[in-house]
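Residue numbers (the working numbering): 31 to 153.
Just so you know, even glycine gets a beta-carbon here, dropped at the ideal spot from N, CA and C.
Notes follow the structure.
Following this line, the structure appears as structure tokens:
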């Protein structure tokens with residue numbers, strides 16, 4: 031009987047060690063995942079367009095968001111009326127005028143803040 035107890039104790043010790051090793055592997059795997067909860071989200075989302083004047087070309091188009099949701103990006107563009115200054119809500123913004131010979135001229139905007147990026151075209 032003493033041998034049986036010894037085996038049971040030895041087996042339990044191996045099980046505990048295996049469980050600890052498994053926990054370490056799972057934790058290491060979780061820390062390596064690029065999810066929004068554990069790491070900064072880097073996926074670029076296409077967020078559509080926003081019209082400012084009904085039945086016109088007064089729009090912010092091709093809105094794209096990296097590191098934040100489309101809802102937040104669209105709110106940012108809408109609240110800035112699609113024409114932010116050099117800074118807006120903690121973001122630094124650059125603008126480039128584009129004289130589009132095949133269509134309407136537009137201004138390209140790119141705003142960066144805390145690693146997040148919002149881009150769009152303002153017609």
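*For residue 74, which of 153, 148, 124 has the nearest alpha-carbon?*
For the residues 153, 148, 124, the minimum Cα distance to residue 74 belongs to 148.
*asked:* Let me make sure I understand the geometry here. Which of 127, 134, 107, 133 has the alpha-carbon closest to that of residue 141?
replied: Among 127, 134, 107, 133, the Cα nearest to that of residue 141 belongs to 107.
*Please name the residue in 138, 80, 76, 143 whose C-alpha comes closest to that of residue 129.*
Taking each of 138, 80, 76, 143 in turn and checking the Cα distance to residue 129, the smallest one comes out for 138.
*Roughly how many angstroms separate the alpha carbons of residue 100 and residue 125, rounded to a whole number?*
Cα to Cα, the separation comes out at about 20 Å.
*asked:* Give the list of continuous alpha helix (DSSP H) stretches no shorter than 4 residues that lie fully inside the region 79–109.
replied: Counting only runs of 4 or more residues that sit fully inside the region 79–109, the alpha helix (DSSP H) segments are 100–109, in chain order.
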